[in-house]
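**Student:** Each residue of the sequence shown is one higher than the last, beginning at 1332 in the numbering used here.
In this text, a Cβ means the ideal position worked out from N, Cα and C, and glycines have one as well.
Quantities reported herein were computed from a predicted structural model and do not represent experimental measurements.
Starting off with a structure, shown below.
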Amino acid sequence: MIFGTGLDIIEIDRIKKSLERYSQRFENKVFTDGEINYCQSQADPGKHFAARFAVKEAVSKSLGTGISNDVGFKDIEVVNNESGKPIVKMAGRGKLLFEKLNLKSIHISISHDRHYAIAHAIAEQ
């Protein structure tokens, strides 16, 4: 059963500007070490940071909280499974909320072009 859905779109340049202006402070506030390592290993890191930012926003919306005291950016991590598909790992307060809501899974889809990154999340009970 679907508990909630979330959708987010972001301008890639907005994230690139935050990365340039605030560098590690921004990275460390929003992304996990694994996400930082993954994005920095890509040909266009800003595009991948933006996509992961959009996922975090979409997932938090699917939980009905948005990014808040209940769920922070680093409580939602995007990793790739064995076949390379991006999946969500919940941690900290996000994991506690996931369990409290009796969720089974959070499905995500990510896309990006030159200017925008978009993510869709479906929280399933």
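What's the call for GLU1358, buried or exposed, on a 16-neighbour Cβ count within 10 Å?
**Tutor:** Along the sequence shown, one-based indexing puts residue 1358 at 27. The residue is buried, with at least 16 neighbouring Cβ atoms inside 10 Å.
**Student:** For the alpha helix (DSSP H) that HIS1379 lies in, which residues bound it at each end?
**Tutor:** Sequence index remark: in the sequence shown, residue 1379 carries index 48 (1-based). 1376-1393 is the extent of the alpha helix (DSSP H) around HIS1379.
**Student:** So, at 6 Å on beta carbons, what are the nonlocal neighbours of CYS1370 in its own chain, with the 5 sequence-adjacent residues on each side left out?
**Tutor:** In the sequence shown, the residue the question calls residue 1370 occupies position 39. PRO1376, HIS1379 and PHE1380, listed in sequence order.
**Student:** Taking the CB atoms as reference points, tell me whether ALA1467 and GLY1335 lie closer together than 7 Å.
**Tutor:** Summary: the structure shown does not reach residue 1467, with the chain confined to residues 1332 through 1456, and so no result is reported for it.
**Student:** Can you tell me whether SER1414 is buried or exposed? The criterion is at least 16 other CB atoms within 10 Å of its CB, across all chains shown.
**Tutor:** Against the sequence shown, residue 1414 aligns to sequence position 83. By the 10 Å Cβ count, SER1414 comes out exposed.
**Student:** Can you tell which of MET1332, GLY1337, ASN1411 and ALA1382 has its C-alpha closest to the C-alpha of ASP1344?
**Tutor:** In the sequence shown, the residue the question calls residue 1344 occupies position 13. When each option's Cα is compared against that of ASP1344, the closest is ALA1382.
**Student:** Can you tell me whether GLY1397 is buried or exposed, with buried defined as 16 or more other CB within 10 angstroms of its CB?
**Tutor:** For the purposes of this step, residue 1397 is taken as the residue at position 66 of the sequence shown. That one is exposed.
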